[in-house]
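Trainee:
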Amino acid sequence: MTTATVTNVRGAERVVTSWAASTGWAVVLGAASGSACVAVRLFFRFLQWVFVQQTGMLPLAAATLPPVRRILTPIIGAALATLVLWMMRRSAPDLRFEEYVEAVRLRDGRIPLLSTVWRTASSAFSVATGAAIGREGSMIQSAAAISSWVAERSPLRNLSLSRQVAYGAAAAVAAAYQAPIAGLFFTTEIVLGEWAWNDIPQLLLASTTGWLVSRLLLGAGPLFQVKGPTPMTHDLLWVLPLALVLGVAGPAYQKLLHLSRAAKRLPFALLWGGLAVGVLGMIEPKVWGNGDAALLGILQNKTMLLGIVSVLACRLVATTFCVGTGTVGGVFTPTLFTGAALGLAAGHLLHNPEPTTLAICGMGLLMAAVTHAPLMAALMAVELTGQWHLLPIILPCNLLASLIARTISRESLYAIASPEPTQ
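Going by the working numbering, the first residue of the sequence shown is number 1, and it counts up by one from there.
1) Across which residues does DSSP place residue 134 in a beta bridge pair?
2) Applying the 10 Å Cβ sphere with the 16-neighbour rule, what's the burial state of residue 141?
3) When the Cα atoms are used, what is the spatial distance from residue 299 to residue 400?
4) Can you tell me which of 291, 314, 167, 279 puts its alpha carbon nearest to the alpha carbon of residue 331?
5) Between the stretch 124–132 and the stretch 43–51, do at least 3 Cβ pairs fall closer than 8 Å?
6) Thinking residue 187 and residue 169 are a contact (beta carbons under 8 Å), I'd like their distance in whole angstroms, please.
7) Could you check whether residue 346 and residue 358 sit closer than 8 Å to each other, using their CB atoms as the reference points?
8) Is residue 192 helix, strand or coil by DSSP?
9) In chain order, what residues of the same chain lie with their CB nearer than 7 Å to the CB of residue 124, ignoring the 5 residues before and after it?
10) Mind reading off the beta-carbon distance from residue 160 to residue 328? Whole number of angstroms is fine, and I expect it under 8 Å.
11) Enumerate, from N- to C-terminal direction, the unbroken alpha helix (DSSP H) stretches of 4 or more residues contained entirely within the stretch 239–273.
12) Taking the beta carbon of residue 274 as the centre, do at least 16 other beta carbons fall within 10 Å, making it buried, or is it exposed?
13) Helix or strand or just coil, what does DSSP make of residue 5?
14) Measure how close the beta-carbons of residue 288 and residue 59 come, nearest whole angstrom, since I'm counting them as under 8 Å.
15) Which same chain residues, not among the five before or five after residue 407, have their C-beta less than 6 Å away from its C-beta?
16) Pick out the complete beta strand (DSSP E) segments inside the stretch 139–211, 3 residues or longer, and give them in chain order.
17) How is the alpha helix (DSSP H) around residue 393 delimited, first residue to last?
18) What would DSSP say about residue 110, mapped onto helix, strand or coil?
19) Kindly confirm or deny that the stretch 25–33 and the stretch 145–157 touch, where touching means at least three C-beta pairs closer than 8 Å.
20) Which whole-angstrom value describes the C-beta separation of residue 342 and residue 249, a residue pair presumed to lie in contact below a C-beta threshold of 8 Å?
21) State buried or exposed for residue 251, treating a residue as buried only when at least 16 other CB atoms are found within 10 Å of its CB.
22) For residue 90, which of helix, strand or coil comes out of DSSP?
23) What number of angstroms, rounded off, separates the C-alpha of residue 107 from the C-alpha of residue 74?
24) Hey, which unbroken runs of the alpha helix (DSSP H) at 4 residues or more fall wholly within the stretch 328–367?
25) Can you list, in chain order, the residues of its chain whose CB lies under 8 Å from that of residue 224, leaving out five sequence neighbours each side?
26) For residue 241, does the count of other Cβ atoms within 10 angstroms reach 16, so buried, or fall short, so exposed?
27) Find out if the Cβ-Cβ distance for the pair residue 183, residue 173 is shorter than 8 Å.
28) Measure the C-alpha to C-alpha separation of residue 319 and residue 210 and round it to an integer number of angstroms.
29) According to DSSP, is residue 30 part of a helix, a strand, or is it coil?
30) Which residues in the same chain as residue 206 place their Cβ atom closer than 6 Å to its Cβ, once the five residues preceding and following it in sequence are excluded?
31) Quick check: what's the CA-CA separation for residue 424 versus residue 135?
32) Exposed or buried, which one is residue 372 when buried takes at least 16 other CB atoms within 10 Å?
33) Quick check on DSSP: helix, strand or coil for residue 227?
34) Determine the DSSP secondary structure at residue 372, reduced to helix, strand or coil.
35) Please name the residue, chosen from 388, 24, 409, that lies closest to residue 202 on a Cα-to-Cα basis.
36) Answer yes or no: do residue 230 and residue 390 have a C-beta to C-beta separation smaller than 8 Å?
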């Protein structure tokens, strides 16, 4: 055997060994991230039990509370969330916080764990007491921070920290939404912002591992399963004009959330968000929480047109107040609800015999318009509902909605503000 042959064989062995090591490490990161995601979710459930003595969907708990408690509970939660943030600033005034998308894109994946823990604690009080905000945002942020902490202690030297955190983010999305394939595409389209083909196997393994951990500890998905497959009829042609409408609605929805941030200037801002949830919760209990109960009712076609409009209006106001006043959390699930509500409303207005189909499509269309991630949005819609046969319909329409939204505004829900964010 010649020297050149020996060198080539050794080089091939090093490549294979490196690939196997990074693949195995992706599974470790997926398990760590998925476990962190589940732990945060269980902590939220525990706090919810403390405040409302139920661990199920928050609107169901809100409906059983007497009027005074229904108003005061979100306000008390907002006060405690404010206290946590105040304590964070007093104990560590120089503490810096990094969103996981920004950390991967601009900070080499470094996410300070302590600041994330503080903010997760603040989010926990808000989420457990009914704030109209997405709990999954804090779950994924916490899991990404744990991934960053674990990755900094990685034995691998040929795998960048940002890539390892990306693996953790894929696992966290898969764990939070029981959607492993959408978790993969979330990471490529949003977190990395590029198609890193060499990382696809590791991302898929990490995502699948996070999903399995969540499935084992929290139960199996889909989260919003629709009973039986929705029929494929000529009424599905209405998805095309719906894509045009929601493609325009996406930037308007983002603009609304952006303008609401002026509410942060109010004294004790978070309490105003809690007050909005408490008052609106008296009108419509489905205002409480991230919108999961309202979304499930829509997908099971248990809501008539007037009910859809009422819940949508109340939730938009409540979510806008919560986001605007700085409540720690996400808007991913509230956005899914808004898209589904608009789709179902369109189905009723068009006298569609199967309006649930337009609701499922609406979930993906609005999400594609606000995230500019059409593949992820399409897969999220079908994985959450189990309606995989709708993917060939949703996907091209998502591409159209995303294109329209990009034409109107280049800024997406996960836009990176600048390479030097303010403290």
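Heads up, the beta-carbon is just placed ideally off N, CA and C, and yes, glycines get one too.
Please read these numbers as outputs of a predicted model, since none were measured by experiment.
Mentor: Reading off the structure:
1) Within the sequence shown, numbered from 1, the residue matching residue 134 stands at position 134. Answer by DSSP bridge pairing, in chain order: 330.
2) Locating residue 141 in the sequence shown gives position 141, where the first residue counts as 1. Residue 141 is buried by the Cβ-count criterion.
3) For the purposes of this step, residue 299 is identified with residue 299 of the sequence shown, where counting begins at 1. For the purposes of this step, residue 400 is identified with residue 400 of the sequence shown, where counting begins at 1. In a straight line, the C-alpha of residue 299 is about 23 Å away from that of residue 400.
4) For the purposes of this step, residue 331 is taken as the residue at position 331 of the sequence shown. Nearest C-alpha to residue 331: 291.
5) yes
6) Here residue 187 corresponds to residue number 187 of the sequence shown, with the count starting at 1. Here residue 169 corresponds to residue number 169 of the sequence shown, with the count starting at 1. Rounded, the Cβ-Cβ distance is 5 Å, consistent with contact.
7) As a first step, residue 358 must be located in the sequence shown, where it is residue number 358. As a first step, residue 346 must be located in the sequence shown, where it is residue number 346. Yes, the pair counts as a contact, with Cβ atoms nearer than the cut-off.
8) Counting from one through the sequence shown, the residue named residue 192 turns up at place 192. Of the three classes helix, strand and coil, the one that applies to residue 192 here is coil, per DSSP.
9) In the sequence shown, residue 124 corresponds to position 124, counting from 1. These residues qualify, in order along the chain: 43, 44, 47.
10) The residue given as residue 160 occupies position 160 in the sequence shown. The residue given as residue 328 occupies position 328 in the sequence shown. Contact flag wrong, Cβ pair sits at about 28 Å.
11) 239–259
12) Numbered from its first residue, the sequence shown carries residue 274 at position 274. Buried, since its Cβ has 16 or more Cβ neighbours within 10 Å.
13) Numbered from 1 along the sequence shown, position 5 holds the residue referred to as residue 5. Note that residue 5 scores a pLDDT of 49, beneath 50, so its modelled location is shaky; the value from the coordinates is reported in the next line. In the structure shown, residue 5 sits in a helix (DSSP, three-state: H, G or I).
14) Counted from its first residue, the sequence shown places residue 288 at position 288. Counted from its first residue, the sequence shown places residue 59 at position 59. Going by Cβ atoms, the distance from residue 288 to residue 59 rounds to 5 Å, so yes, they are a contact pair.
15) Taking the sequence shown and counting its residues from 1, the one referred to as residue 407 is at position 407. Within the same chain, residue 407 has no close Cβ partners at all.
16) none
17) Position 393 of the sequence shown, counted from the first residue, corresponds to residue 393. Start and end: 391–408.
18) Mapped onto the sequence shown, residue 110 falls at position 110. Residue state, collapsed to three classes: coil.
19) yes
20) For the purposes of this step, residue 342 is identified with residue 342 of the sequence shown, where counting begins at 1. For the purposes of this step, residue 249 is identified with residue 249 of the sequence shown, where counting begins at 1. With a Cβ gap of about 7 Å, residue 342 and residue 249 count as contacting.
21) Position 251 of the sequence shown, counted from the first residue, corresponds to residue 251. Residue 251 comes out buried.
22) Reading the sequence shown from its first residue, position 90 is the one you call residue 90. The answer is helix: DSSP assigns residue 90 an H, G or I state.
23) Start at 1 with the first residue of the sequence shown, and residue 107 comes out as number 107. Start at 1 with the first residue of the sequence shown, and residue 74 comes out as number 74. For residue 107 and residue 74, the distance between alpha carbons rounds to 35 Å.
24) 332–349
25) As a position in the sequence shown, residue 224 is number 224, starting the count at 1. For residue 224, where only same-chain residues beyond five positions count, the Cβ hits under 8 Å are 292, 295, 296, 299, 384, 385.
26) Residue numbering aside, residue 241 sits at position 241 when the sequence shown is read from its first letter. Exposed.
27) Position 183 of the sequence shown, counted from the start, is the residue given in the question as residue 183. Position 173 of the sequence shown, counted from the start, is the residue given in the question as residue 173. Their beta carbons are under 8 Å apart, which means residue 183 touches residue 173 by this criterion.
28) The residue given as residue 319 occupies position 319 in the sequence shown. The residue given as residue 210 occupies position 210 in the sequence shown. Approximately 28 Å between the Cα atoms of the pair.
29) By one-based count along the sequence shown, residue 30 stands at place 30. It is helical.
30) Counted from its first residue, the sequence shown places residue 206 at position 206. 26, 29, 30, 167, 170, 171.
31) Since the first residue of the chain shown is 1 and the last is 423, residue 424 is not available in this structure.
32) As a position in the sequence shown, residue 372 is number 372, starting the count at 1. Buried: at least 16 other Cβ atoms inside 10 Å.
33) Here the question's residue 227 lines up with position 227 in the sequence shown. In the structure shown, residue 227 sits in coil (DSSP, three-state: anything other than H, G, I, E or B).
34) For the purposes of this step, residue 372 is identified with residue 372 of the sequence shown, where counting begins at 1. Coil.
35) Sequence index remark: in the sequence shown, residue 202 carries index 202 (1-based). The residue with the shortest Cα to Cα distance from residue 202 is 24.
36) In the sequence shown, residue 230 corresponds to position 230, counting from 1. In the sequence shown, residue 390 corresponds to position 390, counting from 1. A contact, by the Cβ cut-off of 8 Å.
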